[in-house]
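The block underneath contains the structure these notes are about, expressed in structure tokens.
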Amino acid sequence: MSRFRKIFAMAAVSVIALNCSAYAQDKKFTVAFIPGIASDPFFLSMEKGARAAADKLGIELVWQGSASEYSPQTQMPFVDAALAQNVDALVLVPTDPDSLQSGVTRAEAGNIPVITVDTTVTDQSYLTSHITGDNVDGGRQAAKTLAEQIGKKGKVFIMSGSPSATTNTLREQGFREELKANYPDVEIVGIEYANSQPANATSAINTVLLNHPDLAGIFAIDGTRGTGAVAALRNSNAVGKVKLIGYDAYKAQVEALQDGVFTALVVQQPAKEAELALEYAKAKLTGEGTDKIEKSVVIPNVVMTKENFETTKANVYSD
Amino acid sequence: MLHGLRDVVRRQDVILLMLFFVMVVAFTAVNPRFFSVRAMANVLQDFSPVVLMAIGQTFVIASRGIDLSVGSVLGLSGVSMALAIRAANSVGMDPWVAIALGMSAAIGVGVVVGLINGLLITYFRLVPFVATLATMGAAAGMSLVLTGGTQIAGAPKEVILLGNATYFGALTVPVVVVFLAIFVSWAFLSRARFGRWTYAIGSNPFAARGAGISVERHLVKIYLISGVLSALAGAFVYFRLGSGSPLSGRGGELSAIAAAVIGGMSLQGGSGKLTGVVVGALITTAVLSGLILIGVQPNWQQIVVAALIAVAVWAQGLSLGGSRS
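Set out below in structure tokens:
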């Protein structure tokens with residue numbers, strides 16, 4: 037009898053244990069992922085990466101962000117909503133390092149792990165990790181590639197979007213630093229800001245080409261500026277004569293690269309940033325693989341040209 | 071004779087034209103490259119979409135309204151056209167048929183948004199500022215929804231040729247069409263009953279109704295014109311870029327309103343001439359390439375443009391005061 041009871045007890049325990057492990061497998065962690073601006077192509081690529089990773093890792097992904105504006109005022113309500121929903125972890129693209137600090141502090145009070153992606157907050161002590169692309173490095177890569185393509189000497193021009201957005205200013209900084217340090221014979225003849233419309237970049241570049249008929253190269257700082265630059269080169273019959281470095285690898289840009297209008301593209305890996313963020317989030321929540329978490333990760337840029345396209349085409353952003 | 075000359079000099083559009091020539095001379099003195107066919111070609115290309123939106127704005131403002139949706143209509147019609155052409159191109163349709171299809175899609179957007187504006191204002195009695203603020207937001211959002219925020223490429227070569235091939239150094243097909251649009255609109259506004267009714271409604275809608283003008287029908291037509299002209303601007307920006315961007319046209323309403331105000335349109339309605347607005351659009355677009363050529367720092371450029379708006383409107387105030395005395 038006692039033997040029977042023992043077996044019964046063992047069976048009961050193992051059933052409970054089994055149930056438990058089944059429960060742990062089924063328990064889906066909910067992770068809120070808040071991009072800078074939901075409609076921006078860069079973040080759309082990040083979203084695709086995040087959704088794929090969430091499916092693979094069995095994470096319930098809540099992807100929500102401001103539809104049309106990259107600002108702390110429009111982002112904050114989404115952070116508040118995520119914290120109120122009591123999500124298991126928060127992945128955040130802070131639109132401002134100081135303004136979003138309060139969101140991180142409140143997450144800390146609620147014991148919700150936070151990972152920042154692309155940009156970060158001022159005080160990073162609580163963050164599980166900070167994953168970013170490197171805009172300064174992207175600018176350097178652009179400068180190096182452009183300088184080599186124009187034979188290390190000549191006039192170049194920077195077509196930027198905004199004098200205040202950090203992605204733009206950091207790329208510009210890297211571009212200027214690299215030329216100053218290693219290419220003394222390359223002269224930057226100017227910079228213009230096109231704000232949001234691509235046609236403004238076309239106008240500015242047409243005018244600069246008129247003023248500097250011997251212009252050797254252009255660095256178009258992001259996708260929108262790139263579209264405007266492509267039109268300007270076609271417009272002024274300068275395709276091939278003027279080397280053009282773009283940023284990001286959307287389908288439209290890659291087509292222009294293959295047509296020979298862009299001579300190179302500096303490509304970020306937003307999908308990879310998102311994937312790593314969700315892997316870290318899961319490791320932190322389950323406690324498995326926490327040793328693999330790095331506090332700060334820089335995802336490198338890839339320089340894509342017509343010549344190396346076969347080996348770099350995996351980096352084209354999904355459409 | 072002398073009296074006649076003084077009248078000509080006091081005309082607002084003549085004052086603006088003189089301002090424009092002063093500007094051209096000043097820029098050319100600093101950088102002679104400003105006075106060249108290529109510089110003129112650049113200015114004309116920038117001028118085209120702005121003046122199309124500004125013409126629409128002229129009709130609307132003359133009727134004591136405002137149309138804030140023009141920039142968003144430009145964007146939405148551009149991406150609609152890009153999507154239609156890409157789809158047609160991918161099934162191997164003849165490029166010119168594809169372009170015709172795309173044009174219809176673009177103009178269709180202008181008709182729909184213009185009609186909605188007109189009905190919101192006349193049937194639902196919203197003030198024009200609010201009605202067009204609503205459609206401005208909706209159209210901008212729709213561009214993002216349709217494109218998912220990305221550029222729409224995949225245009226056949228013919229699109230880029232049509233937008234960029236120049237004749238006589240400076241004229242492209244869109245620029246020629248813009249000149250035609252200016253002429254037809256000028257005839258409608260200052261030589262036809264349509265224009266007289268528009269100004270009558272702007273001066274006094276009640277008196278206009280009393281005089282037997284069907285105010286509601288006329289207002290719907292005016293917003294339709296504004297929508298269609300903005301859509302045409304969207305098509306031309308698409309021809310120029312060779313791809314449709316959901317960001318095109320953002321803030322375009324402000325350039326259009328600035329051109330109209332510089333051109334002497336009174337926001338109270340009932341007065342102002344299209345010729346002035348056309349020169350206003352020319353000044354606002356030429357000044358930007360001029361400032362780049364003379365090497366003004368980019369952050370200072372918008373301050374200069376803002377000052378120019380103030381000076382232009384002030385100079386016209388002087389002439390108005392003069393004619394009253």
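Just so you know, the protein sequences line up as chains A and B, in that order.
All residue numbers for the first sequence refer to the working numbering, where the first residue is 37 and numbers rise by one.
All residue numbers for the second sequence refer to the working numbering, where the first residue is 71 and numbers rise by one.
The beta-carbon is built from N, C-alpha and C at its ideal position, and this holds for glycine as well.
Chain B residues whose Cβ lies nearer than 7 angstroms to that of residue i
{"i": "P234 (chain A)", "result": "L311, S315, L317 and S318"}
{"i": "Y229 (chain A)", "result": "P368"}
Residue i: contacting residues in chain B (beta-carbon distance under 8 angstroms)
{"i": "P199 (chain A)", "result": "P368 and N369"}
Option in the options with minimal Cα separation from residue i
{"i": "D170 (chain A)", "options": "A:S161, A:T155 and A:S81", "result": "A:T155"}
{"i": "K287 (chain A)", "options": "A:Y219, A:V123 and A:V352", "result": "A:V352"}
{"i": "Q111 (chain A)", "options": "A:R87, A:Q137 and A:A89", "result": "A:Q137"}
{"i": "V347 (chain B)", "options": "B:I327, B:G365 and B:I292", "result": "B:I327"}
{"i": "K318 (chain A)", "options": "A:R87, A:L119, A:A125 and A:W99", "result": "A:A125"}
{"i": "D134 (chain A)", "options": "A:Q160, A:G85 and A:L321", "result": "A:Q160"}
{"i": "E223 (chain A)", "options": "A:K191, A:E105 and A:E214", "result": "A:K191"}
{"i": "A292 (chain A)", "options": "A:T341, A:E144 and A:V333", "result": "A:T341"}
{"i": "V290 (chain A)", "options": "B:G211, B:I222 and B:K227", "result": "B:I222"}
{"i": "L87 (chain B)", "options": "B:A351, B:V245 and B:V181", "result": "B:A351"}
{"i": "T98 (chain B)", "options": "B:V375, B:I364, B:L299 and B:G272", "result": "B:I364"}
{"i": "G368 (chain A)", "options": "A:N344, A:Y283, A:V297 and A:F114", "result": "Outside the shown range of chain A (37 to 355) lies residue 368 (chain A), about which nothing can therefore be said."}
{"i": "W99 (chain A)", "options": "A:V115, A:V303, A:K92 and A:S107", "result": "A:V115"}
{"i": "V381 (chain B)", "options": "B:D77, B:R81 and B:I85", "result": "B:I85"}
{"i": "S118 (chain B)", "options": "B:D77, B:M206, B:Y308 and B:G334", "result": "B:Y308"}
{"i": "R320 (chain B)", "options": "B:R263, B:N274, B:T202 and B:L144", "result": "B:L144"}
{"i": "L246 (chain A)", "options": "A:Y162, A:K92, A:K180 and A:N271", "result": "A:N271"}
DSSP three-state assignment for residue i, whether helix, strand or coil
{"i": "G262 (chain A)", "result": "helix"}
{"i": "H166 (chain A)", "result": "strand"}
{"i": "G340 (chain B)", "result": "coil"}
{"i": "I136 (chain B)", "result": "coil"}
{"i": "V222 (chain A)", "result": "strand"}
{"i": "V278 (chain A)", "result": "strand"}
{"i": "G314 (chain B)", "result": "strand"}
{"i": "M112 (chain A)", "result": "helix"}
{"i": "E125 (chain A)", "result": "Contrary to the premise, residue 125 (chain A) reads as Ala rather than Glu in this sequence. Three-state result, A125 (chain A): strand."}
{"i": "I85 (chain B)", "result": "helix"}
{"i": "L241 (chain B)", "result": "strand"}
{"i": "L299 (chain B)", "result": "helix"}
{"i": "L93 (chain A)", "result": "helix"}
{"i": "I364 (chain B)", "result": "coil"}
{"i": "Y293 (chain B)", "result": "helix"}
{"i": "R69 (chain B)", "result": "Nothing about residue 69 (chain B) can be read from this structure; chain B reaches only from 71 to 395."}
Residues bridged to residue i (per DSSP)
{"i": "F97 (chain B)", "result": "Per DSSP, none; premise fails for F97 (chain B)."}
{"i": "W99 (chain A)", "result": "A:F69"}
{"i": "M195 (chain A)", "result": "A:E228 and A:A256"}
{"i": "M340 (chain A)", "result": "A:L301"}
{"i": "I151 (chain A)", "result": "A:V127 and A:S165"}
{"i": "S332 (chain A)", "result": "A:H166"}
{"i": "G190 (chain A)", "result": "A:V222"}
{"i": "Y283 (chain A)", "result": "A:V302"}
{"i": "L136 (chain A)", "result": "Looking at the DSSP assignment, L136 (chain A) forms no beta bridge with any residue, so it has no partner."}
{"i": "I222 (chain B)", "result": "B:G314"}
{"i": "L251 (chain A)", "result": "A:K191"}
Contact set between residue i and chain A, taken where Cβ atoms lie within less than 8 angstroms
{"i": "N112 (chain B)", "result": "S239, N242, T243 and L246"}
{"i": "A109 (chain B)", "result": "T243 and L246"}
{"i": "R103 (chain B)", "result": "L246 and N247"}
{"i": "V243 (chain B)", "result": "By Cβ distance, chain A contributes nothing, its closest Cβ being about 14 angstroms from V243 (chain B), past 8 angstroms."}
{"i": "L363 (chain B)", "result": "T243, L246 and N247"}
Where residue i meets chain A, residues with beta-carbon distance less than 9 angstroms
{"i": "L358 (chain B)", "result": "N236, S239, A240 and T243"}
Near the ligand GDP: residue i beta-carbon under 8 angstroms from a heavy atom
{"i": "V123 (chain A)", "result": "Absent from the structure shown: the ligand GDP. Ligands present: none."}
Partners in chain A for residue i, counting only beta-carbon separations shorter than 7 angstroms
{"i": "A124 (chain B)", "result": "Correct list: empty, because the minimum Cβ distance to chain A is about 16 angstroms."}
{"i": "G350 (chain B)", "result": "Simply none; closest approach about 18 angstroms."}
Cross-chain neighbours of residue i in chain C, by beta carbon under 7 angstroms
{"i": "T263 (chain A)", "result": "You won't find chain C in this structure, because its protein chains are A and B."}
Closer than 9 angstroms at the beta carbon, the chain B residues around residue i
{"i": "Y286 (chain A)", "result": "T220, Q221 and A223"}
{"i": "A103 (chain A)", "result": "G211 and L214"}
Q: Assess, as a yes-or-no matter, whether the stretch 186-201 of chain B is touched by the stretch 163-171 of chain B under the definition of 3 or more beta carbon pairs within less than 8 angstroms.
A: Touching, no, given that fewer than three Cβ pairs across the two stretches are closer than 8 angstroms.
Q) Between the stretch 219-238 of chain A and the stretch 195-204 of chain A, are three or more C-beta pairs nearer than 8 angstroms? A) Segments in contact, yes.
(Q) Three or more C-beta pairs under 8 angstroms: does that hold for the stretch 125-145 of chain B against the stretch 329-344 of chain B? (A) Counting C-beta pairs with one atom in each stretch, the stretch 125-145 of chain B and the stretch 329-344 of chain B have three or more that are closer than 8 angstroms, which means they touch.
Q. Is the stretch 255-272 of chain B in contact with the stretch 142-161 of chain B, if contact means three or more CB pairs nearer than 8 angstroms?
A. By the Cβ test, the stretch 255-272 of chain B is not in contact with the stretch 142-161 of chain B, since fewer than three Cβ pairs between them sit closer than 8 angstroms.
Q.
Closer than 8 angstroms is the cut-off here; do at least three beta carbon pairs connect the stretch 258-267 of chain B with the stretch 186-194 of chain B?
A. The count of Cβ pairs closer than 8 angstroms, one atom from the stretch 258-267 of chain B and one from the stretch 186-194 of chain B, stays below three, leaving the stretches out of contact.
Q) Three or more beta-carbon pairs under 8 angstroms between the stretch 351-369 of chain B and the stretch 98-115 of chain B, yes or no? A) A contact exists between the stretch 351-369 of chain B and the stretch 98-115 of chain B.
Q: Count the CB pairs spanning the stretch 134-152 of chain B and the stretch 207-219 of chain B that are closer than 8 angstroms, and state whether there are at least three.
A: Result yes; three or more Cβ-Cβ pairs closer than 8 angstroms.
Q) Would you say the stretch 240-251 of chain A touches the stretch 212-222 of chain A, given that touching needs at least three Cβ pairs under 8 angstroms? A) Flag = no, the stretch 240-251 of chain A and the stretch 212-222 of chain A do not touch.
Q: Report yes or no: do the stretch 88-95 of chain B and the stretch 308-318 of chain B share at least 3 C-beta pairs separated by less than 8 angstroms?
A: In short, these stretches do not touch, since the Cβ pair count stays below three.
Q: Flag this pair as touching only if the stretch 285-295 of chain B and the stretch 130-141 of chain B have three or more C-beta atom pairs under 8 angstroms; answer yes or no.
A: The answer is yes - the stretch 130-141 of chain B touches the stretch 285-295 of chain B, with three or more Cβ pairs under 8 angstroms.
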